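Data block below; observations after.
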C-alpha cells in the first residue's frame, strides 16, 4: 500500500485479492517498479553512491505474488559483464521463490 501511494499506481491488482484473482492472478502482486527499485538499490549499494549508477533497465518477466500477511523475499545478484577504464556493466538477476522476475536486467556503473 505504501508503494502504491508513493508511486501513484492505485491499480487494485496490487491491493485487492478479489480483483487480482478476478483477472487471473493467484493473489495481489507487487508493483513491477518496486521490484526494479529493489534491484536498483542493490546496485547503488554495491557502487557506493547513487550518482555512480548511470543506467539501469529490465523487463518484467513474472509477477511477484504478495499474499496478505506473508513476507516475500526477492533475491538480487549481479555479475560483472564488462569492465572498461570508466565503467562497469552488470547483468542483474532477480528471483522470487526460485522464479526469475526480472529479465534482461542490466546496469551501468561509472567508476568515480
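Numbering (full-length UniProt numbering), first residue to last: 1 to 112.
Every residue, glycine too, gets a C-beta built ideally from N, C-alpha and C.
Please read all numbers here as calculations on a predicted model, not as lab measurements.
Remark: fewer than three beta-carbon pairs, one from each stretch, lie closer than 8 Å, so the stretch 42-60 and the stretch 7-21 are not flagged as touching. Rounded to whole angstroms, the Cβ separation of residue 56 and residue 40 is 5 Å, and the two are in contact under 8 Å. Contact between residue 65 and residue 74 fails: their C-beta atoms lie close to 11 Å from each other, not under 8 Å. For residue 112, the secondary structure class from DSSP, reduced to helix, strand or coil, is coil. Inter-residue distance for residue 70 and residue 84 is about 42 Å (C-alpha atoms, whole angstroms).
The three-state secondary structure of residue 94, taken from DSSP, is strand. For residue 41, the three-state secondary structure derived from DSSP is helix. Secondary structure at residue 62: coil, using DSSP grouped into helix, strand and coil. Here residue 28 carries a coil assignment [DSSP, helix/strand/coil]. Residue environment for residue 99: exposed (fewer than 16 other C-beta atoms within 10 angstroms of its C-beta).
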